[in-house]
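A.B. asks:
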Amino acid sequence: PRDLNVRRARLRVRAVDAAGNVGIGQTENFSIRDNLPPEVTVTAPHTGEIINPGTVFTIRWTSSDNVGVISQEVQFSTNGGITFTTLASGLSGQQYEYDWSVPTNVSTSQARIRLVARDAAGNEGRGETGNFTIRDTIAPDVTILAPTAGEVVSPGSLFTIRWRSSDNIGVVSHEIRLSTNGGRTFPTVIASNLPGSQQSFDWSVPTHLNTTRARLRLFARDAAGNEGRDTTANFTIRDQVPPSVTLIEPTGGEVLPQGTSFTIRWTSSDNIGVVSHDLLLSTDGGRSFSPLVTGLGGGQQSFQWTVPIDVATTRARIRVIARDAAGNSGQSTSGDFTIEDTLPPSVTVLRPSPGEIVIAGRSFLIQWTSSDNVGVISHEIRLSTDGGRHFSTVIASNLAGGQHSFNWNVPSTLSSEQAVIRILARDGAGNVGQGDSGVFVIRPSIEPPTVRVIAPNGGEEIRAGTTFTIRWTSTDDRGIVSQDIFLSTDGGRRFDHPIQTGLPGHVQSFDWAVPDDLSTRRGRIRVVAHDTDGLTGQDDSDGNFSVRAEGEPTGGDFAVVASNDLTILEGLPETPSIRGVVPITGQAIEVAVAPHRRFAIVLTSGSAISIIGELDDGSPRVISVDVGGRPAGVAISGDGRMAAILLDSSPVSIVPITGLPHQPVAGSPFVLTRVMFGARDIAISQAGTVVITAQSIGGIAVIDGVLEGSPTVRTILRTGPDPGGVAFADNDTAFVVNRGGDNIVAVNGLAPGGRPRMAGRPLTQGVGPGPRAIDISSDGSVAVVTNQENDSVSVFRVSGATLRFIASVAVGSRPAGISLSKDGDSAIVANTGDRSVSILTDLRSTPRVASTVGPSNRLLTAPDGEQSVAYVP
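Residue numbers (the working numbering): 590 to 1462.
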């Protein structure tokens, strides 16, 4: 048998015959020995297989023996089987696999495994693999710990990059790369060949980097060349360290005269670099600063400063701001120092002019201009009667710095042939400037004749070839000896047509035979009276009258429209047309016409007003006056010599205009300290009472003394929400439109010395939605209100403080401005929504729209313009 393996084997032979006899014979001891080796086949690894070092690999095999395998041994070769080393021995004969910890230090393509199996007889069988490979193919594992996503890293700083890396065998090196474009490319090598055990790196961040899309990529490599990597999310490289600044001069306490040169010095530094400097000046102890100079170089450390001549303060401060390329800024501020005002104000006396004669006992307007590098705070007026050697008489003192005129009541006892006026102007630093008039004359009061032209006085239509009675009044304290009458055909520029001279002093009228060939729309009459002292007095027609030949059409009434420029309409009310446009500097928004057509005042969207003379001429004369703020309304006095401009300032103010129409002067503003904003409209009565409407007070303010140059607020009266237009019916009564309440309120007690109060309840009957403006006929009998929200006007009969509704008349889109004719029978309405005007007539009977002009860009008016149109009287 194949499984016998003994040394004392014997054979016995037993023979039996037929009779059953048995014979036995046997041999001596002999040996039966196993000469067959075990059979072995290695099934894993197979030829060509690749095994990673450092891993556990299960070696598998089969083994068998005719008797039995009693032990096994696993052997390993790295040289294709030339030599083997023992991996494991003494394995049981029944074991068919072995978990092999593959060495980490072996790399070969000629690895072999041999399995040796032995049986009890000592026979040895072997099984061997073909060549297989031990090679590392596992890349290291890498995780970057810092920087993290969104982290901000400062250029020029030292930043620690941290990571964690491992490998099945071992990491041998690291490399760090940088991307500034969100990971599209990593062109910058931060560090390479770092040891495999290193897990952090202190990175000196370059100073020139500035990006929000920085990324780091870390490479970890093992000995087999396997490479692991990790990439951060975007982080930011931005300089967050502000420059450091120290101001050296000024430090505080210095006194710097205006106009001198002073060197501002400082030091500045930055972790990367300063790129620019700004210098700022405060005049209020550091509460606010304004730039002195900006964009100085980063290396500049001083600046030659010319101390401004228009600043004076004891609380000046200098601030230096240093900026780096990343926009970080550092600053340093001085303590308070002084800018000393050493320049006196400049003064020029305008009136009296040299040689002018001033009459004692009368009022004389002293006028001057003054200016200062910082500001004039007060004026004083002195008088010399000895040619300027001594100025012992103080006419006025402590006048406001903005005041440039003064009404001097010349003492009746004063007389001088060598009079001089001196104006002293003082600034806040106590500097005094002065200006003297030339020598003028103060003479005792000798009254010249007083003349008043009654007819023609403006607006008349006279036929050529007829007789017209010129009427006037003239008086004198000594006696009038003769009188002359002259005609002007150019609106009063020249009176070069004598009508009659040498009339006796007692005559008060003259029948003028109007020449057949005379034709003018700008006629005016001048009457000159001469008294026994050789003094003369004169008066002109207040407005233009017309002289027309027989059969020549009169052309109807005309009106003006504030529509960017000033548009003139003629042929009102039945056949209106656009006659022309008067160019206005700025955008015309409102207009008012003086009585007797003498001039118009146009408000603009800027700070200027325009005075338009000779309205009925082909070439009107325009004078522009700056009023120092945005005008919201205008009212002209009954005699046309003065106007009040309402400014939409904060607080609201009123600016008087004197010298109308040829030499207009804007006076000092009267500030309504209790009226903070929302100026709407203004009106002035024949008695001189001024009423304004304003949103902030929800009503009106009543002001006295505007015509006299000494305005005071009599009262403020609430009339209703969002007041708009206002108009006088007589000296005691005015009507106010309340847009917020869709009503009209009557206010009486407005006459001088009266107590203003609301007269009855607000009127709503006949008032449409969104009432805007109101105008009342000159005789106080008819009122018309525009209703913006339903495209209509409401016509009322006026009786004292009562309105009686007559009719509502449909007009164009969104009517605003309204103006009545002199006779109160017609009105012109500005339709802001469709660039047109409507002309109404028959206001006293059955109101109707007589005609419409537009649409036209020449008729485009402001939606909040209560005075955007004006009938020319």
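Glycine included, every Cβ here is placed at the ideal spot set by N, Cα and C. Quick caveat: nothing in here was measured; it's all calculated off a predicted structure.
Mind listing, in chain order, the continuous beta strand (DSSP E) runs of no fewer than 3 residues lying wholly within the region 1066-1092?
C.D. replies: Taking only runs of at least 3 residues, the beta strand (DSSP E) segments lying wholly in the region 1066-1092 are 1069-1077 and 1086-1092.
A.B. asks: Report the start-end ranges of each beta strand (DSSP E) in the region 1266-1351 that is 3 residues or longer and not cut off at the edges.
C.D. replies: Whole beta strand (DSSP E) segments, 3+ residues: 1268-1273, 1279-1283, 1288-1293, 1301-1307, 1312-1317, 1323-1327 and 1332-1337.
A.B. asks: Would P1104 and I1069 be called neighbours here (beta carbons separated by less than 8 Å)?
C.D. replies: In this structure, I1069 does not lie closer than 8 Å to P1104 by Cβ.
A.B. asks: Would you identify the three-state DSSP class for P1184, choosing helix, strand or coil?
C.D. replies: In the structure shown, P1184 sits in a helix (DSSP, three-state: H, G or I).
A.B. asks: Give the single residue among G1357, E1455, A1323 and G814 whose Cα lies nearest to the Cα of S1388.
C.D. replies: Looking at the Cα atoms, A1323 is the closest of the given residues.
A.B. asks: Who are the near neighbours of L747 in its chain, counting only those whose CB is closer than 8 Å to its CB and skipping five residues on each side?
C.D. replies: So the qualifying residues of the chain are D791, W792, S793 and V794.
A.B. asks: Would you kindly report the start and end of the unbroken beta strand (DSSP E) that includes P1245?
C.D. replies: Note, P1245: beta strand (DSSP E), S1242 to T1247.
A.B. asks: Within 10 Å of its beta-carbon, does D899 have 16 or more other beta-carbons around it, so buried, or fewer, so exposed?
C.D. replies: Under this definition D899 is an exposed residue.
A.B. asks: Classify P1253: buried if its beta carbon has 16 or more other beta carbons within 10 angstroms, exposed otherwise.
C.D. replies: Per the 10 Å Cβ criterion, buried.
A.B. asks: Is the beta carbon of R649 closer than 8 Å to that of T674?
C.D. replies: No, these two residues do not count as a Cβ contact at 8 Å.
A.B. asks: With 16 other CB atoms within 10 Å as the buried threshold, where does S1026 fall?
C.D. replies: It counts as buried.
A.B. asks: Check this for me: beta carbons of R857 and G886, under 8 Å apart or not?
C.D. replies: Checking the displayed sequence, the identity of residue 857 turns out to be Ser instead of Arg. No. Outside cutoff.
A.B. asks: When you compare only the Cα positions, how much space is there between L939 and G1277?
C.D. replies: Taking the straight line from one Cα to the other gives about 28 Å.
A.B. asks: Once DSSP output is grouped into helix, strand and coil, what is the label at N618?
C.D. replies: It is coil, neither helix nor strand.
A.B. asks: Select from W894, P1462, S1397 and T636 the residue whose C-alpha is nearest the C-alpha of I853.
C.D. replies: Minimum Cα distance to I853 is reached at W894.
A.B. asks: Report buried or exposed for I613, applying the criterion of at least 16 other Cβ atoms within 10 angstroms of its Cβ.
C.D. replies: Exposed is the call here.
A.B. asks: Can the beta-carbon of F1084 be found closer than 8 Å to that of R1115?
C.D. replies: Yes. Within cutoff.
A.B. asks: How would you label A989, buried or exposed, when you count the other beta carbons within 10 angstroms and need 16 or more for buried?
C.D. replies: Looking at its Cβ environment, which holds fewer than 16 other Cβ atoms inside 10 Å, A989 is exposed.
A.B. asks: Alpha carbon to alpha carbon, how far is N978 from D1065?
C.D. replies: Here residue 978 is Arg; the residue named in the question, Asn, does not match the sequence. If you take the alpha carbons of R978 and D1065, they lie about 38 Å apart.
A.B. asks: Spell out a yes or no on whether the region 1189-1206 and the region 1162-1181 are touching, meaning 3 or more CB-CB pairs, one atom from each, closer than 8 Å.
C.D. replies: The region 1189-1206, when compared against the region 1162-1181, does touch it at the 8 Å Cβ threshold.
A.B. asks: Could you tell me the alpha carbon to alpha carbon distance between G657 and G682, rounded to whole angstroms?
C.D. replies: Cα to Cα, the separation comes out at about 8 Å.
A.B. asks: Could you please give the first and the last residue of the uninterrupted beta strand (DSSP E) stretch that includes E628?
C.D. replies: E628 to A633 is the span of the beta strand (DSSP E), which, as asked, contains E628.
A.B. asks: Could you say which of L600, F1147 and S789 lies nearest to I621 if we only look at CA atoms?
C.D. replies: Checked all of L600, F1147 and S789; the closest Cα to I621 is L600.
A.B. asks: Closer than 8 Å is the cut-off here; do at least three beta carbon pairs connect the region 995-1008 with the region 942-951?
C.D. replies: Touching, per the Cβ criterion.
A.B. asks: Closest by CA to R1256, which one among Q956, G848, G944 and T651?
C.D. replies: It should be noted that the sequence gives Gly, not Arg, for residue 1256. When only C-alpha atoms are compared, the closest one is Q956.
A.B. asks: Measure the Cβ-Cβ separation of R751 and L734 and say whether it is below 8 Å.
C.D. replies: Yes, the pair counts as a contact, with Cβ atoms nearer than the cut-off.
A.B. asks: With distances taken Cα to Cα, identify the nearest neighbour of L1249 among S1397, V1291, V1182 and V1280.
C.D. replies: Of the candidates S1397, V1291, V1182 and V1280, the one whose C-alpha sits nearest the C-alpha of L1249 is V1182.
A.B. asks: Within this structure, are the beta carbons of I1246 and M1231 separated by less than 8 Å?
C.D. replies: Their beta carbons are under 8 Å apart, which means I1246 touches M1231 by this criterion.
A.B. asks: Thinking C-alpha only, which one of A1405, V983 and E1036 is nearest L1013?
C.D. replies: L1013 has its Cα closest to that of V983, out of A1405, V983 and E1036.
A.B. asks: Can you tell me which of L932, P1258 and A1177 puts its alpha carbon nearest to the alpha carbon of G1298?
C.D. replies: Closest by alpha carbon: P1258.
A.B. asks: Just reading off the beta strand (DSSP E) that Y1460 is part of, what are its end residues?
C.D. replies: From DSSP, the beta strand (DSSP E) with Y1460 extends over V1458 to V1461.
A.B. asks: Measuring straight from C-alpha to C-alpha, what distance separates T958 and R971?
C.D. replies: Those two C-alpha atoms are separated by around 15 Å.
A.B. asks: Quick one: Cα of R1307 to Cα of M1347, how far?
C.D. replies: So the two alpha carbons sit approximately 9 Å from each other.
A.B. asks: Helix, strand or coil: how does DSSP classify R1447 here?
C.D. replies: Correct three-state label for R1447: helix.
A.B. asks: Just to confirm my understanding: we take N1337, look at its own chain, exclude 5 residues before and 5 after, and list those with CB closer than 6 Å. What are they?
C.D. replies: Excluding sequence neighbours, N1337 sits near D1321, T1322, A1348 and A1390.
A.B. asks: Specify the secondary structure class of G1140 as computed by DSSP and reduced to three states.
C.D. replies: A caution first: G1140 carries a pLDDT of 49, below 50, which makes its placement in the model unreliable, though a value can still be read off. Note: G1140 maps to coil in three-state DSSP.
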